[in-house]
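Colleague: Sharing a structure, written as structure tokens. Questions coming.
Number of protein chains: 2
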Amino acid sequence: MQIIQPKILKGTREFGTDDMSKRNCVMDTIKRIFSTYGYGPIETPILNPAETILGKYGGEGDRLTYNFKDNGNRSLALPYDLTVPFARYFAANWQQLPLPFKRYQIQRVWRAEKPQKGRLREFYQCDIDIIGTNSLLAEAEVARVITNVFTELGFSNFKIKTNSRRLMNDIFESFNVPKDKAMQSIRIIDKLGKIGEEGVLEELKKLGVEDVKNLLQTLKPEGSIEATLSRLSEYDTSEIETLVSYCKALQIPSEILNFDPTLARGLDYYTGIIYEVISLENPDLGSLCGGGRYDNLCGLFCKESFSGMGVAFGFERIMIAMEERGAFEDIQPNAEVLVTVFDEDSISSSLEIYELLTSEGISAEIYFEVDKLKKQLKFADKKGIPFVIIQGPEEKEKGEVMIKSMKSGKQKSIPLTQLINYLKSYEQS
Amino acid sequence: MQIIQPKILKGTREFGTDDMSKRNCVMDTIKRIFSTYGYGPIETPILNPAETILGKYGGEGDRLTYNFKDNGNRSLALPYDLTVPFARYFAANWQQLPLPFKRYQIQRVWRAEKPQKGRLREFYQCDIDIIGTNSLLAEAEVARVITNVFTELGFSNFKIKTNSRRLMNDIFESFNVPKDKAMQSIRIIDKLGKIGEEGVLEELKKLGVEDVKNLLQTLKPEGSIEATLSRLSEYDTSEIETLVSYCKALQIPSEILNFDPTLARGLDYYTGIIYEVISLENPDLGSLCGGGRYDNLCGLFCKESFSGMGVAFGFERIMIAMEERGAFEDIQPNAEVLVTVFDEDSISSSLEIYELLTSEGISAEIYFEVDKLKKQLKFADKKGIPFVIIQGPEEKEKGEVMIKSMKSGKQKSIPLTQLINYLKSYEQS
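Chains as they are written, first to last, in my numbering: chain A, 58 to 486; chain B, 58 to 486.
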């Protein structure tokens, strides 16, 4: 028979047990924080009627997304992001939901792009949204959630950059930027990090914006929120001021929240406060989280309009940053104990020890063959299992087990009745 | 603008926060048990080169699976089950893996079928496998894992039915069933539950099997494993006997493990022990878990042949059974506390209380508007949030908060400093 090459598609990934232990550990932390702040999980289908996915992207949808006709000639598509499936879910269900509705969603999405470094065809997104309120309390809460996520994941030097689209538009207006060029100007300013001040000035000039140097000067942040606010005193900065006071009440450290009037974010649906998170230890990774206030997320799917606030955490980038930092060195992906099998006659005793351990919630494995002890120890070593239990006829006779630490190589005999306490006291230390 | 209907595809499902809380609760229990027994999680791609998915199904693959050509004319397919993606993963990685390799996998799969009651196009599967050993210890361990899963999920009357394909083939041989009719005979006997003894007899006769009445009589289980074994004493029943002794050492209650020589399971790749789990409280749901020993799972993808043992838990059926039993009545999907906002001036104090609660890990929400208290309480009620915190100017003056139980309707003022202890002591009770 012809062997099929066990390949995966370029731009997709498979995760073994080591990878998954790390990913689950990060996801569990994130989910716990979301849930502490009252965000509930939802999950939307992966196979969707194509129009519900493509609608947002106009003529581009066909090229950007994975879409196809099934055997029944139905047009189907895989989600490109979690925003559109959430908008569809909300439009279909809002009448039954408690409003404002707070949800989180962690699922895979698909991009029909040529895969490159950092650009995958299949990857996870991780979104939270509060929909159905205009209150700036939503923005403040999201900033608190962001702060907790990055702090608990061990990021020690990160910033939440914030700005207001409303304020940005006011400033544009005062510089006579025509309304129809505002969004283009925002997209140009969004490239500040990539093309530098010179590049931005040039592109803005090309667009026909006047007095660009002064405009950029006005947008530049000062050393503190207060100083930036006071320089912008001729504009209505009440939105930022209220946000800052709420964030203070929520005890978000002032060094974390940065007001940066140049912060733009390229998407056109933001209408108020926007956020972007960067880690100063991993500046090359770019934004690790971003989002903002929107006014009409569900417009594609229902007549009612709902204002909301949401951010997306860049799960894959967070994983890269944590991997770079060595955050996963202490993770123990496999069992804590290997129960060896001394000989054919002792299989039942080994099974009894195995049952004793697992019934107490101690993660364990039993070796499946009657192999030489050396081979059994090698298996424990390969899997990074820290403890090995050996019970030969002598130990059995005395009601004892030999416990061997794979790290130190030391071993000692203890009564079987003390085994659980011995291992549990080790767990706690 | 034309509104897009916010529909989902028939045969797919979306899960709101209530559903997800239940599903996560079940998944977390299952994962914890798997991990206690040393099974590690893996995850395989959803978009796959079509040949890696279709290979197993011969000419049927195209009809059974979701497959399509992408923009670059690559043939892609979504997984039909988790067995094939696992076989591919193992074939690609076994040289780096510690053998035997124990993994669990919980992911969605897709069936290009017409959806009917109980048949979805998109649903979860939940598999465990031990691959790379012939030892019956693997079978025994899997029976222990199954026992723990169903016990911890609160199934009080379930059976693990077991049989040996080897033994079944021996019995067929003694009844002169031709080898090329053995698999067909197995498929017919597999329908015993559906078409009854009469139906099976008839179909076997039609197939050309002789002495069918006696054959079926030989396969019928007695009241206990020992009795059945002793009736089959002319056959080699050592496999079952060893399994039973191992299961006894693992303290699997004897009323749970049932030896049933009529147990067939339709798939042709089983070669030894097979399992099927039924819940006597939910007999109409059929098998809640099933699987067995196979000899060459990865044959499609590599030249080496590996023996393994694995079962699939019917996650969606387990959910239905638990729902029927009312297992989720006590689940609290939303936050435990709602912090209300008394008036515009007290927003900051409310935020501070909110921060106090969440920083102690108490799941909470803050109400986002300055609405009438009645409306805020209604929100808590709709979300099933059990406690509401109110702090008016009077309470604030005294450093107190009013805590209201939504269930009893009772409320009392306590010093803010005692709030955390008050709620934590409630959590424990």
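All C-beta atoms in this analysis are idealised placements derived from N, C-alpha and C, irrespective of residue type, glycine included.
1) Among the candidates B:Y94, B:K171, B:V83, B:Y332, whose CA atom is the shortest distance from the CA of B:T69?
2) Can you list the residues of chain A that B:Q152 reaches, using a CB-CB cut of under 7 Å?
3) At least one CB of chain A closer than 8 Å to the CB of B:A195: is that the case?
4) When you compare the CB of A:I477 with every CB in chain B, is at least one pair closer than 8 Å?
5) Note down the Cα distance separating A:G118 from B:I103, rounded to an integer number of angstroms.
6) Taking B:M77 as the query, report the chain A residues whose CB atoms sit under 8 Å from its CB, ordered along the chain.
7) Measure the C-alpha to C-alpha separation of B:K461 and B:S407 and round it to an integer number of angstroms.
8) Does chain B have any CB closer than 8 Å to the CB of A:R176?
9) From A:M84 to B:F212, what does the alpha carbon distance come to, in whole angstroms?
10) When you compare only the Cα positions, how much space is there between A:I282 and A:F316?
11) Spatial neighbours of B:Y326 within its chain, please: CB distance less than 6 Å, with the 5 preceding and 5 following residues excluded, ordered by chain position.
12) State yes or no: is the C-beta of A:F436 within less than 8 Å of the C-beta of A:L395?
13) What's the call for A:Y483, buried or exposed, on a 16-neighbour Cβ count within 10 Å?
14) Answer with yes or no whether the minimum CB distance from B:Q389 to chain A is below 8 Å.
15) Closest to A:K277 by C-alpha separation, out of A:Y123, A:T319, A:G129, would be which residue?
16) Quick check for students: name the residue ranges of the alpha helix (DSSP H) that lie wholly in the region 265 to 333 of chain B, counting only runs of 4 or more.
17) Could you give the DSSP three-state label for B:L430: helix, strand or coil?
18) Rounded to a whole number of angstroms, what is the C-alpha to C-alpha distance between A:L324 and A:C355?
19) Measure the CB-CB distance between A:Y332 and A:G347 and report whether it falls below 8 Å.
20) Using the DSSP secondary-structure output, state which residues sit across from A:Y351 in a beta bridge.
21) Note down, in chain order, each residue of its chain lying with its Cβ closer than 7 Å to the Cβ of A:D138, except the 5 sequence neighbours on either side.
22) Please identify, using Cβ separations under 9 Å, the residues of the region 116 to 134 of chain A that lie next to chain B, in order along the chain.
23) For A:K159 and A:I330, I'd like the C-alpha separation in whole angstroms.
24) Can you give the Cα-Cα distance for A:K263 and A:F232, rounded to whole angstroms?
25) Please tell me whether A:T74 and A:R222 are closer than 8 Å, where the distance is taken between their beta carbons.
26) Does the region 189 to 207 of chain A come close enough to the region 97 to 116 of chain A that 3 or more CB-CB pairs lie under 8 Å?
27) Can you grab the Cα-Cα spacing for the pair B:A107 / A:E401, in whole Å?
28) Determine contact between the region 123 to 133 of chain B and the region 124 to 139 of chain A, defined as no fewer than three beta-carbon pairs at a distance below 8 Å.
29) Kindly indicate the opening and closing residues of the alpha helix (DSSP H) around A:C82.
30) Exposed or buried, which one is B:A284 when buried takes at least 16 other CB atoms within 10 Å?
31) What residue range is occupied by the uninterrupted alpha helix (DSSP H) comprising A:E100?
32) Could you check what DSSP says for A:E407 in three-state terms: helix, strand or coil?
33) In its own chain, which residues sit with a C-beta less than 6 Å from the C-beta of B:Y94, not counting the 5 before and 5 after it?
34) Indicate the three-state DSSP secondary structure (helix, strand or coil) for A:Q475 in the structure shown.
35) Please identify the residue among A:Y303, A:Q475, A:M463 whose C-alpha is closest to the C-alpha of A:L434.
36) Please say whether B:A144 and B:F358 have beta carbons closer to each other than 8 Å?
Modeller: Result, derived from the coordinates:
1) One-based indexing of the second sequence puts residue 69 of chain B at position 12. The candidate whose alpha carbon is nearest that of B:T69 is B:K171.
2) Position 95 of the second sequence holds residue 152 of chain B. Per Cβ cutoff of 7 Å: no residues; B:Q152 is ~12 Å from chain A at best.
3) Along the second sequence, one-based indexing puts residue 195 of chain B at 138. Yes, B:A195 counts as interfacial toward chain A.
4) Taking the first residue of the first sequence as 1, we reach residue 477 of chain A at position 420. Chain B contact via Cβ: absent.
5) Here the question's residue 118 of chain A lines up with position 61 in the first sequence. Here the question's residue 103 of chain B lines up with position 46 in the second sequence. Each residue's alpha carbon lies about 20 Å from the other.
6) Residue mapping note: residue 77 of chain B aligns to position 20 of the second sequence, counting from 1. Under the 8 Å cutoff, chain A gives G97, P98, I99, E100.
7) Here residue 461 of chain B refers to the residue found at position 404 when the second sequence is read from its first residue. Here residue 407 of chain B refers to the residue found at position 350 when the second sequence is read from its first residue. So the two alpha carbons sit approximately 15 Å from each other.
8) Here residue 176 of chain A corresponds to residue number 119 of the first sequence, with the count starting at 1. Not closer than 8 Å to any Cβ of chain B, the Cβ of A:R176 fails to qualify, so no.
9) As a first step, residue 84 of chain A must be located in the first sequence, where it is residue number 27. As a first step, residue 212 of chain B must be located in the second sequence, where it is residue number 155. The straight-line gap from Cα to Cα measures roughly 29 Å.
10) Position 225 of the first sequence, counted from the start, is the residue given in the question as residue 282 of chain A. Position 259 of the first sequence, counted from the start, is the residue given in the question as residue 316 of chain A. Between A:I282 and A:F316, the C-alpha separation is close to 6 Å.
11) Position 269 of the second sequence holds residue 326 of chain B. Correct list, in chain order: Y351.
12) For the purposes of this step, residue 436 of chain A is identified with residue 379 of the first sequence, where counting begins at 1. For the purposes of this step, residue 395 of chain A is identified with residue 338 of the first sequence, where counting begins at 1. The criterion of a C-beta distance shorter than 8 Å is satisfied by A:F436 and A:L395.
13) For the purposes of this step, residue 483 of chain A is taken as the residue at position 426 of the first sequence. Exposed.
14) Counting from one through the second sequence, the residue named residue 389 of chain B turns up at place 332. Taking Cβ atoms only, chain A never reaches closer than 8 Å to B:Q389, which makes this a no.
15) Mapped onto the first sequence, residue 277 of chain A falls at position 220. For A:K277, the closest alpha carbon among the candidates A:Y123, A:T319, A:G129 is that of A:T319.
16) Runs of the alpha helix (DSSP H) inside the region 265 to 333 of chain B: 269 to 276, 282 to 288, 295 to 306.
17) On the second sequence, residue 430 of chain B is found 373 positions in, with the first residue counted as 1. It is helical.
18) Residue mapping note: residue 324 of chain A aligns to position 267 of the first sequence, counting from 1. Residue mapping note: residue 355 of chain A aligns to position 298 of the first sequence, counting from 1. So the two alpha carbons sit approximately 16 Å from each other.
19) The sequence position of residue 332 of chain A within the first sequence is 275, counting from 1. The sequence position of residue 347 of chain A within the first sequence is 290, counting from 1. Their beta carbons are under 8 Å apart, which means A:Y332 touches A:G347 by this criterion.
20) One-based indexing of the first sequence puts residue 351 of chain A at position 294. Its beta-bridge partners are A:Y327, A:G365.
21) Taking the first sequence and counting its residues from 1, the one referred to as residue 138 of chain A is at position 81. V166, Q182, listed in sequence order.
22) D119, R120, Y123, N124, F125, K126, D127, N128, G129, R131, L133
23) Working through the first sequence from its first residue, we reach residue 159 of chain A at position 102. Working through the first sequence from its first residue, we reach residue 330 of chain A at position 273. Between A:K159 and A:I330, the C-alpha separation is close to 18 Å.
24) Position 206 of the first sequence, counted from the start, is the residue given in the question as residue 263 of chain A. Position 175 of the first sequence, counted from the start, is the residue given in the question as residue 232 of chain A. Rounded to the nearest angstrom, the two C-alpha atoms are 16 Å apart.
25) For the purposes of this step, residue 74 of chain A is identified with residue 17 of the first sequence, where counting begins at 1. For the purposes of this step, residue 222 of chain A is identified with residue 165 of the first sequence, where counting begins at 1. Contact: no.
26) Here the region 97 to 116 of chain A does not lie against the region 189 to 207 of chain A, with fewer than 3 beta-carbon pairs under 8 Å apart.
27) Counted from its first residue, the second sequence places residue 107 of chain B at position 50. Counted from its first residue, the first sequence places residue 401 of chain A at position 344. Rounded to the nearest angstrom, the two C-alpha atoms are 45 Å apart.
28) yes
29) Indexing the first sequence from 1 puts residue 82 of chain A at position 25. From DSSP, the alpha helix (DSSP H) with A:C82 extends over 74 to 93.
30) The residue given as residue 284 of chain B occupies position 227 in the second sequence. Exposed, by the Cβ-count rule.
31) By one-based count along the first sequence, residue 100 of chain A stands at place 43. Looking at the DSSP string, A:E100 is not in any alpha helix (DSSP H), and its letter there is neither H nor E.
32) For this step, residue 407 of chain A is matched to residue 350 along the first sequence. Sequence check: residue 407 of chain A is Ser here, not Glu. DSSP, read as helix, strand or coil, puts A:S407 in helix.
33) Here the question's residue 94 of chain B lines up with position 37 in the second sequence. Closer than 6 Å at Cβ, skipping near neighbours: V202.
34) As a position in the first sequence, residue 475 of chain A is number 418, starting the count at 1. Helix at A:Q475.
35) Position 377 of the first sequence, counted from the start, is the residue given in the question as residue 434 of chain A. Comparing Cα-Cα distances from A:L434 to each of A:Y303, A:Q475, A:M463, the minimum goes to A:M463.
36) The residue given as residue 358 of chain B occupies position 301 in the second sequence. The residue given as residue 144 of chain B occupies position 87 in the second sequence. A contact, by the Cβ cut-off of 8 Å.
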